[in-house]
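Numbering (our numbering), first residue to last: 1 to 394. All C-beta atoms, glycine included, are put in the ideal place defined by N, C-alpha and C. It should be emphasised that the depicted structure is a prediction, and the values quoted were computed from it without experimental measurement. Below is one structure, written out as structure tokens; the observations come after it.
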Ligand SMILES: Cc1ncc(COP(=O)(O)O)c(C=O)c1O
């Protein structure tokens, strides 16, 4: 047996993988499983994008490209910001192999060994691993139900220490779907800048928002409020392209040049065919499909939220983004934690959800995450089955 690196033992396994594997077994045995655990859109990639990808393959887009992405796509992303009233020069945009590669690249660009970043807990669990891989430290920032699981500038100030070099925010966030209030984003980034730190904003769920009228947190991009943010984005969620592995970064002027050697060494280039396909993602035909899907997600959110609320789960106000509801089990009065709840729900009712512990250690054991990445009929069936379980368990 080779000696695998010590860091492997510090990376927590995803419990949701256990759920998925068991769900597949149940399906093989002929059971209909309702999937409320999956963090990717159920819709397949919009047809105009697929057609563009096929055409690009036929035209020979099978080679490495420019390390920072093909110029046409960097320009198209710049135009996408311009359509939202934001001026972002294409030279500041770096196309990446998904947001995942973007996050790893930023950790490599911004952290020296021993430096730490503040990471909201609960939050997207992989962030911790990106930081640790470059010998940085992930410092948990415990965010609370009362603040809709988004940090405030006061909380950041409380947890910032001499080795803190930045904070990694997400709006809308995973697992909560919550948006970060505009004034907090400004105040947090002001604080970080004053303390020689950076603010990274993960906007991978940008576009998948369902704000109440007048909600000021629904800014098109954090760049509209704070021009020197490091932005992470992706074609995975709003554009429905998870498997194409394509995302992008926006860096302050000069950042793309600084990042280039890292991109060249780690990835050479993002995938060629995916980049050519993504050019079609911003065309009106594809954007119309994305908007229809956004509306479908909003309807699903409303249905799942109302159903879970009726069943007695602890929920904050309806989250205005992504496709998740993060629900507290405590008000149900069950004698079980989120992991047991998820396991029993799958075994007894064939409904798959994600246990809160996948997203950190801050009170997460009494939570589960529901994803509305399945159709309305499945959501209705899932709610019915959860209701049956609760009638037995309470
Ligand atoms: C908040 C957040 N960031 C980043 C990612 C990674 O996305 P991808 O690498 O598919 O672009 C995910 C995936 O679920 C996510 O939820």
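**Prompt:** Do the region 220 to 235 and the region 182 to 195 touch if we need at least three Cβ pairs shorter than 8 Å?
**Reply:** Flag = yes, the region 220 to 235 and the region 182 to 195 touch.
* Three-way DSSP call (helix, strand, coil) for residue 9 in this model -> helix
Notebook entry, point to check: Is the region 249 to 259 touching the region 45 to 63 in the sense that three or more CB pairs, one from each, lie closer than 8 Å?
Noted result: Short answer: they don't touch.
> Among all residues, which have a Cβ less than 6 Å from at least one non-hydrogen atom of ligand 1, and in what chain order do they fall?
Replying inline: Per the Cβ criterion, the list is 39, 98, 99, 100, 124, 170, 174, 202, 204, 234, 236, 242 and 247.
* What are the boundary residues of the beta strand (DSSP E) that includes residue 367? -> 367 to 371
**Report entry** Range covered by the beta strand (DSSP E) that runs through residue 324
**Finding:** Segment 324 to 328, the beta strand (DSSP E) holding residue 324.
By Cβ distance, which residues of its chain are closer than 7 Å to residue 382, with the 5 residues on each side in sequence left out?
34, 36 and 351
With a CB to CB cut of under 7 Å and the five nearest residues on each side skipped, what residues in its chain are close to residue 235?
241, 244, 246, 247, 278 and 281
**Report entry** Cut-off 7 Å between Cβ atoms - residues of its own chain near residue 394, not counting five sequence neighbours on either side
**Finding:** 332, 333 and 334
Next on the checklist: Beta-carbon within less than 7 Å of residue 315's beta-carbon, same chain only, minus the 5 sequence neighbours each way: which residues are those?
Outcome noted: 305, 308, 309, 325 and 327
Query raised in the report: Nearest-angstrom Cα distance between residue 212 and residue 318?
Result: 9 Å
Does the beta-carbon of residue 74 have 16 or more other beta-carbons within 10 angstroms, so that it is buried, or is it exposed? Answer is buried; the Cβ neighbour count reaches 16.
Q. Which two residues bound the contiguous alpha helix (DSSP H) that contains residue 74?
A. 71 to 83
Checklist line | Start and end residues, beta strand (DSSP E) containing residue 232 | finding: 230 to 234
Would you say the region 135 to 146 touches the region 195 to 202, given that touching needs at least three Cβ pairs under 8 Å?
no
Quiz item: With residue 389 and residue 345 assumed to form a contact (beta carbons below 8 Å), what rounded beta-carbon distance in angstroms separates them?
Solution: 6 Å
Worksheet entry | Opposing strand residues paired with residue 116 [DSSP bridges] | 137 and 164
- Query: Looking at the structure shown, is residue 170 part of a helix, part of a strand, or coil, going by DSSP?
  - Reply: In the structure shown, residue 170 sits in a strand (DSSP, three-state: E or B).
Exercise for the section: Determine the DSSP secondary structure at residue 179, reduced to helix, strand or coil. Expected result: coil
- Query: If you run the structure through DSSP and keep just helix, strand and coil, what is residue 321?
  - Reply: strand
Output the distance between the C-alpha atoms of residue 417 and residue 72, rounded to the nearest integer angstrom.
Because the chain in this structure spans residues 1 to 394, residue 417 falls outside the shown range and cannot be described.
List the residues that DSSP assigns as beta-bridge partners of residue 35.
-> In the DSSP output, where bridge partners are listed per residue, residue 35 has 352.
message = I need the straight-line Cα distance from residue 146 to residue 369, nearest angstrom please.
response = A straight line joining the alpha-carbon of residue 146 with that of residue 369 spans about 17 Å.
Checklist entry - Looking at the unbroken alpha helix (DSSP H) that takes in residue 393, where does it start and where does it end? => result 376 to 393
Would you list the residues sitting across from residue 209 in a DSSP beta bridge?
321
- Query: Smallest Cα separation from residue 358: which of 9, 16, 5 and 2?
  - Reply: 16
Mind checking whether residue 103 and residue 198 have CB atoms under 9 Å apart? With contacts defined as CB atoms closer than 9 Å, residue 103 and residue 198 fail to qualify as a contacting pair.
- Task: Spell out the partners DSSP gives residue 247 in its beta bridges.
- Result: Residue pairing for residue 247: DSSP places it in a beta bridge opposite 96 and 234.
- Task: Name the residue from 267, 340, 377 and 347 whose alpha carbon lies nearest to the alpha carbon of residue 301.
- Result: 377
DSSP has residue 142 in a bridge; who is on the other side?
121
Helix, strand or coil for residue 199? Go by DSSP, reduced to three states. strand
Q: Could you tell me which of 110, 348 and 237 sits nearest to residue 293, measuring between CA atoms?
A: 237
Tell me which residues share the same chain as residue 275 and place their Cβ nearer than 7 Å to its Cβ, disregarding the 5 neighbours each side in the sequence. In its chain, beyond the 5 residues on either side, 65, 69, 70, 73, 95 and 246 have a beta carbon closer than 7 Å to the beta carbon of residue 275.
| task | Assuming residue 84 contacts residue 7 (C-beta within less than 8 Å), just tell me the rounded distance between them. | result | That pair is no contact at about 39 Å.
Task: Environment of residue 31 [buried if 16+ CB atoms lie within 10 Å] - done: Counting C-beta atoms within 10 angstroms of its own C-beta, residue 31 has fewer than 16 neighbours from the protein chains shown and is therefore classed as exposed.
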